[in-house]
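Enquirer: Heads up: the sequence shown at position 84 corresponds to 84 in our numbering, and the numbers run straight through without jumps. Every residue gets a Cβ at the ideal spot worked out from N, C-alpha and C, and that includes glycine.
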Amino acid sequence: MDVVRWGMIGCGSVAERKSGPAFYKAPGSALVAVMGRRLEAVSDYAARHGIARVYTDVDALINDPEVDAVYIATPPDSHHAYSLKVAAAGKHCCVEKPMALNAGQSREMQQAFADAGLHLFVSYYRRSLPRFAQVRHWLAQGRIGEVRHLSWTLTKAPSAADLDGSANWRTDPSVAGGGYFADLASHGFDLFQYLLGDIVEVAGFTARQAGLYAAEDAVSASWRFASGALGMGCWSFVADRREDRVEIIGSQGRIGFSVFDEHPVQLFADEQISLDIPHHEHIQWHHVLGMNAHIRAESNHPAVAEQALKTDWVMDQILKRH
1 MDVVRWGMIG CGSVAERKSG PAFYKAPGSA LVAVMGRRLE AVSDYAARHG
51 IARVYTDVDA LINDPEVDAV YIATPPDSHH AYSLKVAAAG KHCCVEKPMA
101 LNAGQSREMQ QAFADAGLHL FVSYYRRSLP RFAQVRHWLA QGRIGEVRHL
151 SWTLTKAPSA ADLDGSANWR TDPSVAGGGY FADLASHGFD LFQYLLGDIV
201 EVAGFTARQA GLYAAEDAVS ASWRFASGAL GMGCWSFVAD RREDRVEIIG
251 SQGRIGFSVF DEHPVQLFAD EQISLDIPHH EHIQWHHVLG MNAHIRAESN
301 HPAVAEQALK TDWVMDQILK RH
């Protein structure tokens, strides 16, 4: 398969710049079809991005014989049903994160693709980003000695939409599986397990401190990695300002970085290093290249369902999801 031909379900904000263009610009990749519920919106997206075929029916896109793999770029409440249709059609799949509404749904998805001998990826694309490859390299070199602790603080002030009660699927637990925490913290937990290994114990507390929407707006948690290193996190989406700060503490030094912001990646050890490593214009570029190479059996891509399940389990424990 010289070129992997993708079909995309959903053409919202994440597909506009972060992911969609990577699927048709990356070498060995093509985006041949797109599906959306509103014909006007999906036709507009297809026209602007040069996509040949437009659908308003999900089954029609999934069963298009010219589509080899399907990218599900919709909110989490549809991932389970759509992905099972893709598996039944005998095609590879990538779902946006979080993988589903809970680990139970995600486990069924992973098993369906495994049984069919197909690949299921999840858009935890930070596993592919050069800035985090640098962090992983420092850790593998033992630059900070044995890892003792990781901490993450992620805060932001409420948006205008939060304050005026505008419709937002990200703060509707029935659609998102939680609030901003489910949407954003999942990226961090997946990344931390990629860097430091599996989380084996976790506990947390949630609150609706401002009461602006149905989901939690504040979370704190602590956890233990299989290595014995500990972790803790503080997330507030009704705070005074934005902050995104991670610190990995070792026996001989520290590493600092941000999960979302493009602050320098910093090493504080036998020497101090601060590196600016910008993201690609289309942040899922490396993820798309990795998935296509995996499908062609050229290399193993790390953002697969088996790994994403570990993050779903962590989120379930903190949010008390079933």
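Beta-carbon separation of residue 237 and residue 197 under 7 Å?
Expert: Against a cut-off of 7 Å, the Cβ pair of residue 197 and residue 237 comes out as no contact.
Enquirer: DSSP on residue 172, reduced to helix/strand/coil?
Expert: Note: residue 172 maps to coil in three-state DSSP.
Enquirer: So, with DSSP's three-state summary, where would you put residue 233?
Expert: In the structure shown, residue 233 sits in a strand (DSSP, three-state: E or B).
Enquirer: Residue 53 and residue 64 look like a contact to me (Cβ under 8 Å); what is the Cβ gap, rounded to whole Å?
Expert: Right, the Cβ-Cβ distance comes to about 7 Å (below 8 Å), so this counts as a contact.
Enquirer: What are the boundary residues of the alpha helix (DSSP H) that includes residue 306?
Expert: First-last of the alpha helix (DSSP H) with residue 306: 305-319.
Enquirer: With DSSP as the reference, identify every bridge partner of residue 153, one or two as the case may be.
Expert: Partner(s): 234, 245.
Enquirer: Per the DSSP calculation, residue 120 is bridged to which residue(s)?
Expert: Partner(s): 93.
Enquirer: Residue 161 to residue 167, Cα distance in whole Å?
Expert: Near 8 Å, if we compare the C-alpha coordinates of residue 167 and residue 161.
Enquirer: Helix or strand or just coil, what does DSSP make of residue 35?
Expert: Strand.
Enquirer: Considering only DSSP beta bridges, list what residue 222 is partnered with.
Expert: According to DSSP, which records beta bridges pairwise, residue 222 is partnered with 203, 232.
Enquirer: When DSSP labels each residue in this structure, what does residue 143 get in the three-state scheme?
Expert: In the structure shown, residue 143 sits in coil (DSSP, three-state: anything other than H, G, I, E or B).
Enquirer: So residue 7 is in the beta strand (DSSP E); what residue range does that whole segment cover?
Expert: Residue 7 -> beta strand (DSSP E) spans 4-9.
Enquirer: Grab me the residues of residue 364's own chain with a C-beta within less than 7 Å of its C-beta, minus the 5 sequence neighbours each way, in chain order.
Expert: A question about residue 364 goes unanswered here, because the residues of the chain that appear run from 1 up to 322.
Enquirer: Can you give me the Cβ contacts of residue 249 inside the same chain, cut-off strictly under 6 Å, excluding the 5 residues immediately before and after it?
Expert: Excluding positions up to five away in sequence, the list reads 148, 149.
Enquirer: If residue 173 sits next to residue 215, beta carbons under 8 Å apart, how far is it from one beta carbon to the other, in whole angstroms?
Expert: So it is a contact: roughly 5 Å between Cβ atoms.
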